[in-house]
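Protein chains: 2
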Amino acid sequence: MQSNPERRSNEDRTRATRAALTKAARRLFVEKGYAETGTPEIVKAANVTRGALYHHFADKADLFRAVVRQEYAAVAAEIDAAAKTTTSTIDALTTGGDAFLRAMQQPGRVRLMLLDGPAILGRLELDAIDRETSADTLRLGLKSAMDAGEIRPLPLDALAAQLSAMFDRAALGVAKGDAAEDHLSVLNTILRGLVRH
Amino acid sequence: MQSNPERRSNEDRTRATRAALTKAARRLFVEKGYAETGTPEIVKAANVTRGALYHHFADKADLFRAVVRQEYAAVAAEIDAAAKTTTSTIDALTTGGDAFLRAMQQPGRVRLMLLDGPAILGRLELDAIDRETSADTLRLGLKSAMDAGEIRPLPLDALAAQLSAMFDRAALGVAKGDAAEDHLSVLNTILRGLVRH
DNA sequence: TCAAGATGCATACAATCTGTATGTAACTTC
DNA sequence: GAAGTTACATACAGATTGTATGCATCTTGA
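Sequences listed follow chains Y and F, in order.
Residue 123 in my numbering sits at position 123 of the first sequence, with consecutive numbering throughout.
Numbering-wise, my numbering comes out as the position in the second sequence, counting from 1, plus 197.
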């Protein structure tokens, strides 16, 4: 029974405020980078006060973390959607890789996830976020393929880390203007090289 | 003819001051990270004033740039020394890669070159520094091998970028505590996969 | 050799920025 | 509907960055 139409539940206010902050912050972090973006500018763009920011986030890095987390989740969702349609394990790997490259072309993602992310949050935390949001797709895919004997046996974690780094670098290159086919052909050649023959 | 033993040429003073600054800055940037290290702390550790710092460097990032440049040069020197002893093109690649991994275990290098570097200076400038200091060893090595038909023909720049990213990731993993053999075996398997058979 | 200019550096200052403390209104709970 | 919690606004303390200004100490050229 809402007598006053202006009345909003705390839950709603929180959701709205946090969304406004992460949206404004994402735009500014992407445009100017984390270090060059001040909290006064963020709250102005979000139409809230610094009090609200520090009420909802521990500090500026915590707000950045929230932005990056959303980004990882969005990329993971796009990959999952694409991988859903695949049949073989290997197919899932190459299709997933392809989807990853496309997803990473969304403006700002490279900067947030590959440039500022590691410096602000550290590789450790970033990897943790990746595992949370992606459910560790790449690693599990490699493990399946390896267990099934479809690809050579190799140290799983090292392989996943290095392949992931290759995909990241390819995404960065493409975002920078490199030809996507060039990176894809290298990527696929190396992936095929892992397949047992 | 130095009448006064306290008299120092401007060149000497500059060299000494810049060296003190880069040395102190390197230590602090490594220990606490770029963002958490203030210029007051740096100049105190270097026994100079902020005036001296801003006389020799445009800003804090410029000092960081100088530190990173030194680091790249040191790594390149270690790699060149190791690669000198090799015979075949392929051998040079794997030996160079090995030397790179070892060189990157020098404390702080991973943080300076792989974590803070890309965020503060940007991938573009970092790649430029790499090319300057390393004389583009990896790319040229791959080109030779490819021209000689020793490895499969692939887009050169994309291949160099992705392999470089793999090596970086391996170095980071090892610095973080991963087993070096794990990363090396992945690395070598993938390199061997590029060789024509 | 000495005057004029350049270089190296010290100090003080202006403009921010971050995180915290404190107060208040709106919501929730009992 | 009172008591307590949550959401937020405002004010403040501390610290940081880059710049401006001034003064020694070299260096240069006549």
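The beta carbon of each residue, even a glycine, is placed where N, CA and C say it ideally should be.
In this structure the region 92-99 of chain Y touches the region 69-84 of chain Y; the number of beta carbon pairs closer than 8 Å is three or more. Between the C-alpha atoms of T17 (chain Y) and V48 (chain Y) there is a straight-line separation of about 7 Å. From the beta-carbon of Q162 (chain Y), the residues of chain F found nearer than 9 Å are A362, M363, F364, R366, A367, G370, H380, V383, L384 and I387. Near chain Y, meaning a CB-to-CB distance below 8 Å, no residue of the region 253-279 of chain F qualifies. In its chain, beyond the 5 residues on either side, V174 have a beta carbon closer than 6 Å to the beta carbon of A180 (chain Y).
With respect to the 7 Å criterion, A263 (chain F) and A243 (chain F) are not classified as neighbours on the basis of their beta carbons.
E347 (chain F): not part of any alpha helix (DSSP H); DSSP gives it neither H nor E.
Judged by beta-carbon spacing, L388 (chain F) lies beyond the 7 Å limit of A367 (chain F), meaning their Cβ atoms are not closer than that value.
By the neighbour-count definition (other C-beta atoms within 10 Å, threshold 16), L163 (chain Y) is a buried residue. The residues L63, in chain order, have a CB closer than 6 Å to that of F57 (chain Y) in the same chain once the five nearest residues on each side in sequence are set aside.
Counting along the chain, the unbroken alpha helix (DSSP H) around D277 (chain F) starts and ends at K257 to A280. The beta carbon of L112 (chain Y) sits closer than 7 Å to the beta carbons of F29, V30, V67, V68 and E71 from its chain, once the five residues preceding and following it are set aside; these are given in chain order. Beta bridge pairing from DSSP links V392 (chain F) with F:I348.
Neighbourhood of L140 (chain Y) in chain F, by CB distance below 9 Å: empty, with the nearest CB roughly 17 Å away. Distance between I151 (chain Y) and E208 (chain F), taken at the CA atoms: about 60 Å. For G305 (chain F), the CB contacts under 6 Å within the same chain, skipping 5 residues up- and downstream, are V227 in chain order. Using a Cβ-Cβ cut-off of 7 Å, A35 (chain Y) is close to A232 of chain F, given in chain order. Annotated three-state conformation of A325 (chain F) is helix, per DSSP.
For L309 (chain F), no Cβ of chain Y is located within less than 7 Å of the residue's own Cβ.
Here T234 (chain F) is buried, its C-beta having at least 16 other C-beta atoms within 10 Å. For L159 (chain Y), the nearest beta carbon of chain F is closer than 7 Å to its own beta carbon.
Between Y251 (chain F) and I317 (chain F), the gap from beta carbon to beta carbon reaches 7 Å or more. Not a single C-beta of chain Y is nearer than 7 Å to the C-beta of L290 (chain F). Close partners of L351 (chain F) in chain Y (Cβ separation under 8 Å): S185, V186 and T189.
Of the candidates Y:G149, Y:L114, Y:G122 and Y:A128, Y:G122 places its Cα closest to the Cα of K229 (chain F). The alpha helix (DSSP H) runs lying completely inside the region 8-67 of chain Y and spanning 4 residues or more are 10-32, 39-46 and 50-56, given in chain order.
Check the Cα spacing between D327 (chain F) and each of F:R212, F:V272 and F:D313: the tightest is with F:V272. At least one beta carbon of chain Y lies nearer than 7 Å to the beta carbon of P315 (chain F). Within the same chain, no residue comes within 7 Å of D324 (chain F) by CB-CB distance, once the 5 residues on both sides are set aside.
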